[in-house]
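*Asks:*
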Amino acid sequence: MNTIALVAVSLVALGGMSTSAQQPGAVGAPAGQQRQRPAPDPRSMGGGDCRENPYNCNDVVNPLPATNTVWLEEMTWIDVRDALKAGKTNIIISTGGMEPNGPWLVTGKHNYVLHTNCEAIARKMGNALCAPIIKLVPEGGIEPKTGHMTSPGTMTMREETFRAVLTDAAESLQAHGFKNVIFIGDSGGNQNGQKAVAEALTAKWAGKALALHIPEYYDYASVSKYMQGNGIAEGKSDNMHDDPIITLNMFIDDP
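Now the structure itself:
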């Protein structure tokens, strides 16, 4: 038998095996019957079946000590569940950026600042958590390069993509029981998108929850006045995209 004939015979055999395996009443099941999957346990979590391991059950007792972090990504799902039950129903979504910041401030400046500020705000509130920082935001066009995209290291995002990310993040959190989704942005280009998404979601949720944009977070005039009141006055501008306030923020996060 030549090679082509052997291949043909093999394919026919495989096809027959596949057909017989799919027929009702195949090996392992009585004739005329199909094996039925048991109904899912309503207590099962996304990570597995409650019947197979108690830690897959949504009512399991947390086996770990209470966590001290306010960052959602540093918590287990059980930590988040327990935090919500304890009244931590405010969640902060912060947006940073990747852009040029002078010769001594890194491109991720805004993200370092937010790592300090979001935690400080959440702890001050006492009933809030921080979602993961959204580190990419609109920074300019790609072709042709505009805005901050003229500087190496900058990463941008289309405005419609930015708003879609904010929307999906907020709706995910609201679905889990967060009642106030709070947007703060660490640069000017973040503000309009946050405001538009917050207004749209608040209308959509119709009283079930609120999406709130806080423009006062990005208010440099108030910050400068506060710093001057504490004896830290800015000198003459060097006309670069940096300032001592930002540097001090970054020192807190990473000395």
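Note that the working numbering has the sequence shown beginning at 12, numbered continuously upward. Don't be surprised by glycine CBs; every beta carbon is placed ideally from N, CA and C.
(1) Do the segment 102-116 and the segment 192-208 make contact, defined as three or more Cβ pairs closer than 8 angstroms?
(2) Where in the segment 81-140 do unbroken runs of the alpha helix (DSSP H), each at least 4 residues long, occur, reported from the N-terminal end onward?
(3) Tell me, please, whether the segment 118-127 touches the segment 213-221 by the rule of three or more beta-carbon pairs shorter than 8 angstroms.
(4) Hey, could you find the ends of the alpha helix (DSSP H) N203 is sitting in?
(5) Nearest to H126 by CA position, among M136, A142, W115, N138, is which residue?
(6) From the DSSP output, in three-state form, read off A244 for me.
(7) Can you tell me whether DSSP reads A222 as helix, strand or coil?
(8) Would you give the residue range spanned by the beta strand (DSSP E) that V192 belongs to?
(9) Find out if the Cβ-Cβ distance for the pair T205, G199 is shorter than 8 angstroms.
(10) Is it buried or exposed, Y231, if we count other Cβ atoms within 10 angstroms and call 16 or more buried?
(11) Taking DSSP's pairing of strands, which residues face G59 in a bridge?
(12) When the Cβ atoms of the segment 127-136 are set against those of the segment 147-165, are three or more pairs found closer than 8 angstroms?
(13) Rounding to the nearest angstrom, what Cα-Cα distance links V148 and G240 in this structure?
(14) Beta carbon of D253, beta carbon of L140: below 8 angstroms?
(15) Determine the burial state of M251: buried for a count of at least 16 other Cβ atoms within 10 Å of its Cβ, exposed for fewer.
(16) Do A207 and R174 count as a contact pair if the criterion is CB distance below 8 angstroms?
(17) Is the separation between the beta-carbon of I56 and that of N73 shorter than 8 angstroms?
(18) Closest by CA to S235, which one among I256, E63, K247, M166?
(19) Can you find the residues in the same chain that come closer than 7 angstroms, C-beta to C-beta, to K247, ignoring five residues on each side of it along the sequence?
(20) Would K146 pass as a contact of M86 if the rule is Cβ separation under 8 angstroms?
(21) Quick one: what does DSSP say M238 is sitting in, helix, strand or coil?
*Replies:* Checking against the coordinates, here is how it stands:
(1) yes
(2) 88-96, 120-136
(3) no
(4) Counted from its first residue, the sequence shown places residue 203 at position 192. First-last of the alpha helix (DSSP H) with N203: 202-216.
(5) Start at 1 with the first residue of the sequence shown, and residue 126 comes out as number 115. Nearest C-alpha to H126: A142.
(6) The residue labelled residue 244 in the question sits at position 233 within the sequence shown. Reduced to three states, the DSSP call for A244 is coil.
(7) Taking the first residue of the sequence shown as position 1, residue 222 is located at position 211. A222: strand per DSSP, three-state reduction.
(8) Here residue 192 corresponds to residue number 181 of the sequence shown, with the count starting at 1. Start and end: 191-196.
(9) Position 194 of the sequence shown holds residue 205. Position 188 of the sequence shown holds residue 199. The sequence given here has Gln at residue 205, not Thr. Contact flag unset, no.
(10) Taking the first residue of the sequence shown as 1, we reach residue 231 at position 220. Answer is exposed; the Cβ neighbour count stays below 16.
(11) Indexing the sequence shown from 1 puts residue 59 at position 48. DSSP, once it has assigned bridges, lists M56 as partnering G59.
(12) no
(13) Along the sequence shown, one-based indexing puts residue 148 at 137. Along the sequence shown, one-based indexing puts residue 240 at 229. If you take the alpha carbons of V148 and G240, they lie about 32 angstroms apart.
(14) Here residue 253 refers to the residue found at position 242 when the sequence shown is read from its first residue. Here residue 140 refers to the residue found at position 129 when the sequence shown is read from its first residue. Result no, Cβ atoms of D253 and L140 do not sit closer than 8 angstroms.
(15) Position 240 of the sequence shown, counting from 1, holds the residue named residue 251. Exposed, because fewer than 16 other Cβ atoms sit within 10 Å of the Cβ of M251.
(16) Taking the sequence shown and counting its residues from 1, the one referred to as residue 174 is at position 163. Taking the sequence shown and counting its residues from 1, the one referred to as residue 207 is at position 196. Result yes, Cβ atoms of R174 and A207 sit closer than 8 angstroms.
(17) In the sequence shown, the residue the question calls residue 56 occupies position 45. In the sequence shown, the residue the question calls residue 73 occupies position 62. Just to set this straight, residue 56 is Met in the shown sequence, not Ile. For M56 and N73, no; Cβs fall outside 8 angstroms.
(18) Taking the first residue of the sequence shown as 1, we reach residue 235 at position 224. Closest by alpha carbon: I256.
(19) On the sequence shown, residue 247 is found 236 positions in, with the first residue counted as 1. Once the five neighbours on either side are set aside, K247 has no close Cβ partner at all.
(20) Stepping through the sequence shown from its first residue, residue 146 is reached at position 135. Stepping through the sequence shown from its first residue, residue 86 is reached at position 75. No; because the gap between Cβ atoms is not below 8 angstroms, this pair is not in contact.
(21) To locate residue 238, count along the sequence shown from 1; it is residue 227. Three-state DSSP puts M238 in a helix.
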